[in-house]
Amino acid sequence: MINSIFRYGLIFILLILLQVLLFNNIQFSGYINPYVYVMFILLLPVEIPAWLMLLLSFATGAIIDYFSGSPGIHSSATVLAGFVRPYVLRVISPRDGHESGASPSMLSYGLRWFLTYTVVIIFIHHTALFYLEVFRLTDFFRTLWRVILSSMFSIIFILLIEYYRRGK
Amino acid sequence: MRNLLNFLARYNNLIIFLILEGLSFYFLTSRHTYHNTRVLFGIRGLTFGFEEKISNIHTYLHLRDINKTLAEENTALKNSMQRLIKEDKTPFTSVSDSIYRQQYTHTTSEVIYNSINKQKNFFTINKGNRQGVKPDMAVTSGQGVAGVIVGCSENYSIVMSLLNIDFKVSARIKSNGYFGSISWDGRNYQEAILSEIPQHVMVSVGDTIETTSYSAIFPEGVLVGTVSDFNKIGGDFYKINVLLSTDFKKLQFVDIIGNKKKIEQLDLLKLFQ
Numbered sequence: 000m001i002n003s004i005f006r007y008g009l010i011f012i013l014l015i016l017l018q019v020l021l022f023n024n025i026q027f028s029g030y031i032n033p034y035v036y037v038m039f040i041l042l043l044p045v046e047i048p049a050w051l052m053l054l055l056s057f058a059t060g061a062i063i064d065y066f067s068g069s070p071g072i073h074s075s076a077t078v079l080a081g082f083v084r085p086y087v088l089r090v091i092s093p094r095d096g097h098e099s100g101a102s103p104s105m106l107s108y109g110l111r112w113f114l115t116y117t118v119v120i121i122f123i124h125h126t127a128l129f130y131l132e133v134f135r136l137t138d139f140f141r142t143l144w145r146v147i148l149s150s151m152f153s154i155i156f157i158l159l160i161e162y163y164r165r166g167k
Numbered sequence: 000m001r002n003l004l005n006f007l008a009r010y011n012n013l014i015i016f017l018i019l020e021g022l023s024f025y026f027l028t029s030r031h032t033y034h035n036t037r038v039l040f041g042i043r044g045l046t047f048g049f050e051e052k053i054s055n056i057h058t059y060l061h062l063r064d065i066n067k068t069l070a071e072e073n074t075a076l077k078n079s080m081q082r083l084i085k086e087d088k089t090p091f092t093s094v095s096d097s098i099y100r101q102q103y104t105h106t107t108s109e110v111i112y113n114s115i116n117k118q119k120n121f122f123t124i125n126k127g128n129r130q131g132v133k134p135d136m137a138v139t140s141g142q143g144v145a146g147v148i149v150g151c152s153e154n155y156s157i158v159m160s161l162l163n164i165d166f167k168v169s170a171r172i173k174s175n176g177y178f179g180s181i182s183w184d185g186r187n188y189q190e191a192i193l194s195e196i197p198q199h200v201m202v203s204v205g206d207t208i209e210t211t212s213y214s215a216i217f218p219e220g221v222l223v224g225t226v227s228d229f230n231k232i233g234g235d236f237y238k239i240n241v242l243l244s245t246d247f248k249k250l251q252f253v254d255i256i257g258n259k260k261k262i263e264q265l266d267l268l269k270l271f272q
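Each protein sequence line maps, in turn, to chains A and B. At position 43 of the first sequence the residue is numbered 42 (numbering that gives the first Met the number 0), and the sequence of numbers has no breaks. At position 196 of the second sequence the residue is numbered 195 (numbering that gives the first Met the number 0), and the sequence of numbers has no breaks.
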């Protein structure tokens, strides 16, 4: 228990640092803004109580907001991601159910399952995030295009981090 | 009562979700606090000093470019000074107060954090209240318009970049004086849109676009850019694409322009509105 809290704390800090110090500074184009910190929400244990899940999502989003100076945008998108996660997990649960205490990672369920799971959650999160950032519906399709491209890059980076974790 | 408790127990997650979303939306939508929060957030983030260190390294590596732009600006200033000396030989009044004609004050400052990849971009400069910087002052780069100050702390200020979909400033076509407003459509960091120019006006590619002093923020005649493309979209107005003269991707030193007669100008306007 203590061990896993410590482990998640470490993952949390590393992901936030990675996002704030590295990914927030990639000024490549308005279309490609990867947000890898959502990976923390992806990796939380399957049986975590929903209220804790929501509070942790809010905390993560609020910290990212704090450092990127965007009040409310990341926290509302991340809370939404945390809210839909249990439903997504239920719909795409592996054939023999979730093991108790398992973290929904590539190590435990394989690439294909993890990819589906990541794509769904990241897409929901990024859609909320980018439309909230613009906060208007003009240029609807251009924002959608930004959502798709940024999601692709976020997913690629999350998979790379996952592979790195598996390699260790 | 029992029903209520049952209801709460059943939907407690939904309720927590709605409360947290409500809180986020409160921060997001309260325009009143938006910029203040941004100042607070942005400047707290700076206390780590990372941005400033990165910016120092960046400046050092680009000294050659910076010197070149400075030299070019000097030449342009010398030229305009020569022109003024020639034109200004017949004084209208003989007031010996050296400050009576000065309307705008200039200060330089360094950009320590900048972004161009969002829809609402802001940058941070290293001068604030203590150096006399106030919200609503104009910010220009050596090449043209850069933004408007929206919030200040003791030693830093947050500037709303021209690359922000909420930014709007009055601008005109230099050759014929027709004015419209400049805004950014969020697409390309090198281009902005000039709207509200009626279709009977002659526009051609390469025309210079400059600011007007109508908003009392920017001085008259600060370069915005040149026309790169224009087309008629239904209605009576052109949609003119303007190639920005400021390169936001390498914004390093900016000029903060304060208007000494701003209050006078706006108060007078208020009397008649």
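Even glycine gets a Cβ: it sits at the ideal position worked out from N, Cα and C.
Check whether the Cβ of residue i lies closer than 9 angstroms to any Cβ atom in chain A.
i: H31 (chain B); result: With a pLDDT of 49 at H31 (chain B), under the threshold of 50, the predicted position of this residue should be treated as unreliable, and no value is reported.
i: K238 (chain B); result: no
i: Q118 (chain B); result: yes
i: T106 (chain B); result: no
i: Y59 (chain B); result: no
i: Y155 (chain B); result: no
i: S23 (chain B); result: yes
i: F252 (chain B); result: no
i: N20 (chain B); result: Before going further, note that residue 20 (chain B) is Glu rather than Asn in the sequence given. Yes, contact with chain A.
i: D184 (chain B); result: yes
i: Y188 (chain B); result: yes
i: I255 (chain B); result: no
Where do the N-terminal and C-terminal ends of the alpha helix (DSSP H) with residue i fall, by residue?
i: N331 (chain B); result: Outside the shown range of chain B, which is 0 to 272, sits residue 331 (chain B), and nothing can be said about it.
i: I124 (chain B); result: First-last for I124 (chain B): 119-124, but that is the beta strand (DSSP E), not the alpha helix (DSSP H).
i: N2 (chain A); result: 1-16
i: V138 (chain B); result: Element bounds for V138 (chain B): not the alpha helix (DSSP H) but the beta strand (DSSP E), 137-139.
i: G166 (chain A); result: 139-166
i: A145 (chain B); result: Here A145 (chain B) belongs to no alpha helix (DSSP H); instead the beta strand (DSSP E) covers 144-151.
i: A101 (chain A); result: No alpha helix (DSSP H) contains A101 (chain A), which DSSP labels as neither H nor E.
i: F129 (chain A); result: 110-133
i: M38 (chain A); result: 38-42
Less than 9 angstroms separating the beta-carbons of residue i and residue j?
i: S74 (chain A); j: L22 (chain B); result: yes
i: F247 (chain B); j: I115 (chain B); result: yes
i: G141 (chain B); j: E219 (chain B); result: no
i: S67 (chain A); j: V118 (chain A); result: no
i: E209 (chain B); j: I111 (chain B); result: no
i: I120 (chain A); j: L41 (chain A); result: yes
i: A58 (chain A); j: L131 (chain A); result: no
i: S108 (chain B); j: D254 (chain B); result: yes
i: P44 (chain A); j: A101 (chain A); result: yes
i: K173 (chain B); j: D135 (chain B); result: no
i: S244 (chain B); j: V226 (chain B); result: no
i: A137 (chain B); j: V221 (chain B); result: yes
i: F11 (chain A); j: L53 (chain A); result: no
i: N120 (chain B); j: S160 (chain B); result: yes
i: F5 (chain A); j: F156 (chain A); result: no
i: Y103 (chain B); j: N258 (chain B); result: yes
What does residue i pair with, by DSSP beta-bridge criteria?
i: Y237 (chain B); result: B:I196, B:K231
i: S108 (chain B); result: B:V253
i: R171 (chain B); result: B:F178, B:E209
i: T225 (chain B); result: B:T207, B:L242
i: E72 (chain B); result: The partner list for E72 (chain B) (beta bridge, DSSP) is empty, contrary to what the question assumes.
i: I18 (chain B); result: DSSP, once it has assigned bridges, lists no residue as partnering I18 (chain B).
i: I31 (chain A); result: A:S28
i: N258 (chain B); result: B:Y103
i: A191 (chain B); result: B:V241
Report yes or no: is there a C-beta of chain B within less than 9 angstroms of the C-beta of residue i?
i: L79 (chain A); result: yes
i: L43 (chain A); result: no
i: A188 (chain A); result: This structure gives no information on residue 188 (chain A), because the portion of chain A shown stretches from 0 to 167.
i: R141 (chain A); result: yes
i: V133 (chain A); result: yes
i: F122 (chain A); result: no
At what residues does the beta strand (DSSP E) containing residue i begin and finish?
i: F57 (chain A); result: Counting along the chain, F57 (chain A) falls outside any beta strand (DSSP E), though it belongs to the alpha helix (DSSP H) covering 49-67.
i: V90 (chain A); result: It is not in any beta strand (DSSP E) - V90 (chain A) instead sits in the alpha helix (DSSP H) that spans 72-90.
i: F178 (chain B); result: 178-182
i: I157 (chain B); result: 156-163
Between the region 209-221 of chain B and the region 182-197 of chain B, do at least 3 Cβ pairs fall closer than 8 angstroms?
The count of Cβ pairs closer than 8 angstroms, one atom from the region 209-221 of chain B and one from the region 182-197 of chain B, stays below three, leaving the stretches out of contact.
Can you confirm whether the region 50-66 of chain B touches the region 104-121 of chain A when touching is taken to mean that 3 or more C-beta pairs between the two stretches lie within less than 8 angstroms?
At 8 angstroms Cβ cutoff, the stretches do not touch.
Under 8 angstroms, with one C-beta from each stretch per pair, do the region 124-132 of chain B and the region 26-37 of chain A reach the 3-pair mark?
Counting C-beta pairs closer than 8 angstroms gives fewer than three between the region 124-132 of chain B and the region 26-37 of chain A, which falls short of the contact rule.
Taking three-plus beta-carbon pairs below 8 angstroms as touching, is the region 10-18 of chain B in contact with the region 123-130 of chain A?
No, because fewer than three Cβ pairs between the region 10-18 of chain B and the region 123-130 of chain A fall closer than 8 angstroms, the two stretches do not touch.
Flag this pair as touching only if the region 253-272 of chain B and the region 175-189 of chain B have three or more C-beta atom pairs under 8 angstroms; answer yes or no.
Too few Cβ pairs lie closer than 8 angstroms, so no.
Which residues of the region 65-76 of chain A have a Cβ closer than 7 angstroms to any Cβ of chain E? Give them in chain order.
Of the chains in the structure shown, none is chain E; the protein chains are A and B.
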